[in-house]
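Numbering (the UniProt record's numbering), first residue to last: 1 to 189.
So, in structure tokens, the structure goes:
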């Protein structure tokens, strides 16, 4: 049995894994799991992931869950990780940070946007965490030199930022551009 990926492409972490596998020609069988229909709660999927969440990976008898772990597994299995251990650790550090800090705030902004009524425009509520995360992300991209080669793990961040920007309020997008172009210092958290 080959590599199987259990994904719902409505989920950003699932999209990142799917894009990474397709872009790099990794042969896999897509096992679509429709979260809206509750397929992740089925007995069949519970056998794959007892926590009943996507994404999940099966490689023969080996099963792995959590998007960051799956991306790391695929990069190391295919030798995509940087050869230098410290460079690899920096990429892992960034991947872990953006998965917890940026995703949580993006999801919060998404739900505020979905909950809006009467055609209001804007995120509503407190969105300082989202603004701060984007400012930090922009700051980090300026502060650290980008490596000469492309890291496949960056797809996860790319998919997450795309999702964030597609749901965000115009004022937040304007602030991100202002921070990028004027290099406004990021206030400490």
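Built from N, CA and C at the ideal position, the CB exists for glycine as well.
| Asked | Found |
| --- | --- |
| Near the ligand PLP: residue 47 beta-carbon under 7 Å from a heavy atom | Here there are no bound small molecules, and the ligand PLP is not part of this structure. |
| Own chain residues within Cβ distance below 8 Å of residue 11, not counting five before or after | 35, 54 and 55 |
| Boundaries of the beta strand (DSSP E) in which residue 8 is found, first to last residue | From DSSP, residue 8 is part of no beta strand (DSSP E); its letter is neither H nor E. |
| Residue 166 versus residue 13 - alpha carbon distance | Any reading at residue 166 is ruled out, since the residue's pLDDT is 49, under 50, leaving its predicted position unreliable. |
| From 37, 50, 62 and 71, residue whose alpha carbon lies closest to that of residue 18 | 71 |
| Status (buried if at least 16 other CB within 10 Å, exposed otherwise) for residue 42 | exposed |
| Simplified DSSP assignment, three categories, for residue 58 | strand |
| Residue 77 versus 21, 9, 96 and 31, residue with shortest Cα-Cα distance | 21 |
| Buried versus exposed, by CB contacts within 10 Å (16 or more), residue 75 | buried |
| Burial state of residue 62 (16 or more Cβ within 10 Å) | exposed |
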